[in-house]
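Structure first, commentary second.
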Amino acid sequence: MKELRVGLIGYGFIGRMHTLAYRSIPIYYDPIPCRTRLVGVCCTSEQSCRRAVGQAGYEFATTNWRELVQRDDIDIIDCCAPNYLHKEVIIESIKRGKHVYCEKPLARDLGEAQQILKETRNCRAKAQITLMYRFIPAMMRARQLIEDGFLGRPFSFRAAYLHSGYIDPNRPLTWRLDRKKAGGGALFDIGSHVIDLIRFLLGEFEGVFATSETFIRERPLPDRPDERARVEVDDLTLLLVRMENGALGTLEASRVATGTNDELRIEVHGSQGAIRFNLMNPNWLEVYDNREAGEPIGGNRGFKRIETVQRYPKPAVFPGPKFAIGWVRYHIASLHSFLVNIVEDRPCSPSLEDGVRVQEVMEAAYISAEHGGWVSLPLK
Ligand SMILES: NC(=O)c1ccc[n+]([C@@H]2O[C@H](COP(=O)([O-])OP(=O)(O)OC[C@H]3O[C@@H](n4cnc5c(N)ncnc54)[C@H](OP(=O)(O)O)[C@@H]3O)[C@@H](O)[C@H]2O)c1
Numbered sequence: 001m002k003e004l005r006v007g008l009i010g011y012g013f014i015g016r017m018h019t020l021a022y023r024s025i026p027i028y029y030d031p032i033p034c035r036t037r038l039v040g041v042c043c044t045s046e047q048s049c050r051r052a053v054g055q056a057g058y059e060f061a062t063t064n065w066r067e068l069v070q071r072d073d074i075d076i077i078d079c080c081a082p083n084y085l086h087k088e089v090i091i092e093s094i095k096r097g098k099h100v101y102c103e104k105p106l107a108r109d110l111g112e113a114q115q116i117l118k119e120t121r122n123c124r125a126k127a128q129i130t131l132m133y134r135f136i137p138a139m140m141r142a143r144q145l146i147e148d149g150f151l152g153r154p155f156s157f158r159a160a161y162l163h164s165g166y167i168d169p170n171r172p173l174t175w176r177l178d179r180k181k182a183g184g185g186a187l188f189d190i191g192s193h194v195i196d197l198i199r200f201l202l203g204e205f206e207g208v209f210a211t212s213e214t215f216i217r218e219r220p221l222p223d224r225p226d227e228r229a230r231v232e233v234d235d236l237t238l239l240l241v242r243m244e245n246g247a248l249g250t251l252e253a254s255r256v257a258t259g260t261n262d263e264l265r266i267e268v269h270g271s272q273g274a275i276r277f278n279l280m281n282p283n284w285l286e287v288y289d290n291r292e293a294g295e296p297i298g299g300n301r302g303f304k305r306i307e308t309v310q311r312y313p314k315p316a317v318f319p320g321p322k323f324a325i326g327w328v329r330y331h332i333a334s335l336h337s338f339l340v341n342i343v344e345d346r347p348c349s350p351s352l353e354d355g356v357r358v359q360e361v362m363e364a365a366y367i368s369a370e371h372g373g374w375v376s377l378p379l380k
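Numbering (my numbering), first residue to last: 1 to 380.
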């Protein structure tokens with residue numbers, strides 16, 4: 001069986017998740033597409049390097065990510081570094097023939113994203129973006145239903161991704177709040193996921209009208225907590241959207257939505273039916289079929305819950321379709337699909353192109369928020 005050797009860049013929050021996914025795939029799938037070996041890991045601090053080796057079993061650690069990219073005994077570069085590193089890591093890795101699994105958002109702005117695409121266009125190595133909510137069974141089923149015409153003509157959607165972690169004004173100004181390092185705020189961090197899902201379900205965006213706000217304008221510096229600096233990224237961005245298929249929608253990305261945890265909501269209304277989903281209740285896709293009889297006394301009409309639970313197709317074998325699903329499982333499914341795409345030489349999805357499209361919508365939203373008015377897509 002083929003063995004793919006992994007070099008991970010960034011063993012912070014999401015680097016641990018990716019590591020857990022590599023370790024879990026042999027238990028969740030049978031047969032597995034390939035074996036993986038966690039060869040090298042890169043962090044900036046010695047402490048994180050030690051943790052990655054001790055906790056996760058990487059064979060060695062380095063503080064220079066290029067060392068991983070340049071080694072012959074590494075096949076996959078898994079990029080879990082902050083957004084400002086994605087462009088360089090992807091381009092250099094792919095040019096050296098390494099397959100790349102990279103976190104969202106693809107880059108800090110559309111220019112960087114397009115440069116990634118341009119410089120890697122003729123390379124053979126695979127690249128996939130971790131927009132893993134596409135791998136929730138409820139979202140997979142929603143897409144099937146929409147493709148089969150369940151909604152009829154799609155009229156409108158209401159989408160939101162709501163977090164509350166940035167309400168505390170004393171949360172330090174780490175890389176996610178630094179425009180130079182992150183590129184954007186709530187829209188980039190969590191809005192990228194929900195934009196991708198809307199594309200996954202309803203196709204391309206035609207235009208956006210947006211407004212953004214930074215409610216907490218100064219935050220303490222991480223290394224000098226007595227000093228505060230200006231925050232230049234959004235806490236909240238709201239979009240009005242026109243889709244190419246004629247549907248209208250609203251989309252909200254907020255990191256200051258008090259009372260929420262990890263609340264990604266999507267509701268779509270069409271001429272024949274509707275669907276809705278909430279990430280806090282991910283076992284169910286709710287569907288409404290307007291073709292059901294509405295009489296007598298409501299007939300059979302009303303929202304029903306489809307038990308999508310953990311119903312992944314084979315070769316997923318564990319823990320079985322009836323068990324409640326959660327965030328870790330989507331990451332495992334996303335990484336599994338990447339490994340299958342490498343081994344079977346299939347196109348990756350979500351691809352770099354998908355990452356660029358999401359980036360373009362976010363860029364259009366920031367242009368609209370800054371200058372006012374509708375911004376048409378694709379951007380000229
Ligand atoms: N798809 C999802 O569900 C999801 C969720 C969260 C994050 N993300 C994405 O994942 C990426 C990382 O986010 P995170 O939350 O994991 O951030 P994090 O917790 O701050 O971790 C970042 C990691 O990158 C390392 N790093 C920073 N600069 C580096 C450099 N120049 N060279 C090598 N390593 C470097 C850090 O090293 P030290 O440990 O030494 O500081 C740390 O291990 C972001 O793009 C984010 O948008 C995706």
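We put the beta carbon where it would ideally sit given N, CA and C, even for glycine. Predicted model only: the values in this text are computed from it and were never measured.
Item: Going by C-alpha distance, which of 35, 310, 243, 347 is nearest residue 155?; Value: 243
Item: Look up residue 164 in the DSSP assignment and say whether it is helix, strand or coil.; Value: coil
Item: How about residue 391 and residue 125: are their beta carbons less than 7 Å apart?; Value: Beyond the ends of the chain as shown, which are 1 and 380, falls residue 391; an answer cannot be given.
Item: Apply the 10 Å Cβ neighbour rule to residue 63 and answer buried if 16 or more other Cβ atoms are within range, or exposed otherwise.; Value: exposed
Item: Compare the C-alpha of residue 15 against each of 30, 29, 35, 58 and name the closest.; Value: 58
Item: Just to check, is the beta-carbon of residue 44 closer than 6 Å to a non-hydrogen atom of ligand 1?; Value: yes
Item: Restricting to Cα atoms, I'd like to know which of 39, 277, 135 is closest to residue 160.; Value: 277
Item: Could you give the residue range of the beta strand (DSSP E) that holds residue 243?; Value: 236 to 243
Item: Excluding sequence positions up to five away, which residues of its chain have a Cβ less than 6 Å from the Cβ of residue 87?; Value: 107, 112, 116
Item: Just to confirm the assignment, what range does the alpha helix (DSSP H) spanning residue 382 have?; Value: Only positions 1 to 380 of the chain appear in this structure, which leaves residue 382 out of reach.
Item: Give me the Cα-Cα distance between residue 114 and residue 293, rounded to the nearest whole angstrom.; Value: 50 Å
Item: In whole angstroms, give me the CA-to-CA distance for residue 251 and residue 149.; Value: 23 Å
Item: Could you compute how far the alpha carbon of residue 438 sits from the alpha carbon of residue 109?; Value: The structure shown does not extend to residue 438, since the chain is modelled only from 1 to 380, so the question has no answer here.
Item: Please state the DSSP three-state secondary structure of residue 220.; Value: strand
Item: Please tell me whether, using a cut-off of 6 Å, the distance from the CB of residue 102 to the nearest non-hydrogen atom of ligand 1 is below it.; Value: no
Item: Where do the ends of the alpha helix (DSSP H) carrying residue 304 lie?; Value: From DSSP, residue 304 is part of no alpha helix (DSSP H) but of the beta strand (DSSP E) over 304 to 306.
Item: Leaving out five residues before and five after residue 311 in sequence, what residues of the same chain have Cβ atoms less than 7 Å from its Cβ?; Value: 137, 321
Item: For residue 27, count neighbouring C-beta atoms within 10 Å of its own C-beta (all shown protein chains included) and say buried if the count is 16 or more, exposed if not.; Value: exposed
Item: So what does residue 36 bridge to, in DSSP terms?; Value: 4
Item: Would you decide whether residue 104 is buried or exposed? Buried here means 16 or more other CB atoms lie within 10 Å of its CB.; Value: buried
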